[in-house]
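Asker:
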Amino acid sequence: MSVITAGRPTFRLPSARFAIAVLAVVAFLAVFGGTVTPHDPLLQDPDLALRGPSLTHLFGTDYLGRDVFSRLLAGTGTTVVAALESVGVGLALGVLPGLASLWLGRTVEWVLLRAVDAVMTLPFIVFAIAVTGILGNGLTQAMVAIGVLFAPLFFRVTRAAGLSLTRAQYVEAAELFGASRWRILRTHVWGKVVPTVAVTAAQATGGALLAVSSLTFLGIGVQPPAPTWGGVLASELGFLSQQPWAPVIPAALIMVAVAALNALADAIRPGGVA
1 MSVITAGRPT
11 FRLPSARFAI
21 AVLAVVAFLA
31 VFGGTVTPHD
41 PLLQDPDLAL
51 RGPSLTHLFG
61 TDYLGRDVFS
71 RLLAGTGTTV
81 VAALESVGVG
91 LALGVLPGLA
101 SLWLGRTVEW
111 VLLRAVDAVM
121 TLPFIVFAIA
131 VTGILGNGLT
141 QAMVAIGVLF
151 APLFFRVTRA
161 AGLSLTRAQY
171 VEAAELFGAS
181 RWRILRTHVW
191 GKVVPTVAVT
201 AAQATGGALL
211 AVSSLTFLGI
221 GVQPPAPTWG
231 GVLASELGFL
241 SQQPWAPVIP
251 AALIMVAVAA
261 LNALADAIRP
271 GGVA
């Protein structure tokens, strides 16, 4: 593995090109998956239940005779949007407080650090289940809960990236010339924090996809018969004796998407190594 020019995205790497290609397909299906399905993902036909792959049904059918390929395509949008929603919540609750902890004094810093420490003790899935139990079984509620748990990650990454900048000579010079804290953050700090935050966001999106799939696998957030990647995986696992190969397809889809996000994070990492 060769070191690529520091600070530049390593999109020349095969892994980076693979990640971009996979994520482009996933993005397309997230937007148009429901319109390009060869069959109605909700259509049940008991006469076709648990059929193997064929030209008509590429990934076979489930226990209700629904086309698995169509359900995976249609479920992409819900799964991806939910993952992005949780990452967005984590960004909103983590990045700005992370910067604020460096610039708003010791009291604010102490309060924010204690709050982050408290949130970090909460288990992901259990907390999401508790929130949906209180607020209702909706995917938005579950993803907000997951986003809250992502916030400490973004807080600590942002704080670590900005900590060295608070004592940088050009920042001290800007303060001496009377620049406001907001101007310093916007002009001198934010641009240097963004690459690190972007890497963390890519990695967190992979974790969010796993969290979404885990929750929908458990039947939390989305009510049947709405298709999701985790929901399709759960339905296939119930009939391993008839179709032992069937769960491999949705599981592989989840794994490939997460691997692509991790590869993208490596590609955009400042000073990344290939």
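With the UniProt record's numbering as the guide, the letters of the sequence shown map in order to residues 1 to 274.
Using N, Cα and C, we set each Cβ at its ideal position, and we do this for glycine too.
Quick check on Thr216: does DSSP put it in helix, strand or coil?
Answerer: Three-state DSSP puts Thr216 in a helix.
Asker: Please look up how many angstroms separate the CB atoms of Ile254 and Ser213, rounded, as I've assumed it's under 8 Å.
Answerer: Going by Cβ atoms, the distance from Ile254 to Ser213 rounds to 5 Å, so yes, they are a contact pair.
Asker: Give me, in chain order, the residues of the same chain whose beta-carbon lies closer than 8 Å to that of Leu163; leave out the 5 immediate sequence neighbours on both sides.
Answerer: Cβ neighbours of Leu163 beyond the five flanking positions: Leu102.
Asker: Give me the Cα-Cα distance between Leu99 and Val126, rounded to the nearest whole angstrom.
Answerer: About 29 Å.
Asker: Starting from the Cα of Leu72, find the closest Cα among Leu237, Ser86, Gly230 and give me that residue.
Answerer: Comparing Cα-Cα distances from Leu72 to each of Leu237, Ser86, Gly230, the minimum goes to Gly230.
Asker: Would you report the Cα separation of Leu218 and Met143, rounded to the nearest angstrom?
Answerer: One C-alpha to the other measures close to 14 Å.
Asker: For Leu149, collect the residues of the same chain with a Cβ closer than 7 Å to its Cβ; drop the 5 residues on either side in sequence, then sort them by chain order.
Answerer: Cβ within range, chain order: Val119, Leu122, Phe124, Phe127.
Asker: Terminal residues of the continuous alpha helix (DSSP H) containing Leu153?
Answerer: Run containing Leu153: 139 to 163, per the alpha helix (DSSP H) assignment.
Asker: What's the call for Arg269, buried or exposed, on a 16-neighbour Cβ count within 10 Å?
Answerer: Result: buried.
Asker: Is any non-hydrogen atom of the ligand FMN found closer than 7 Å to the C-beta of Ala252, if you look at the structure I gave you?
Answerer: Among the components modelled here there is no ligand, and therefore nothing to report on the ligand FMN.
Asker: Relative to the C-alpha of Leu233, which residue among Pro247, Ala226, Pro224 is closest?
Answerer: Of the candidates Pro247, Ala226, Pro224, the one whose C-alpha sits nearest the C-alpha of Leu233 is Pro247.
Asker: In angstroms, rounded to a whole number, what distance separates the CA positions of Val197 and Gly191?
Answerer: The alpha-carbon atoms of Val197 and Gly191 are separated by roughly 10 Å.
Asker: Would you call the CB atoms of Leu48 and Gln243 closer than 8 Å?
Answerer: For Leu48 and Gln243, no; Cβs fall outside 8 Å.
Asker: Tell me, please, which residues DSSP counts as bridged to residue 280.
Answerer: Since the first and last residues shown for the chain are 1 and 274, residue 280 lies out of range.
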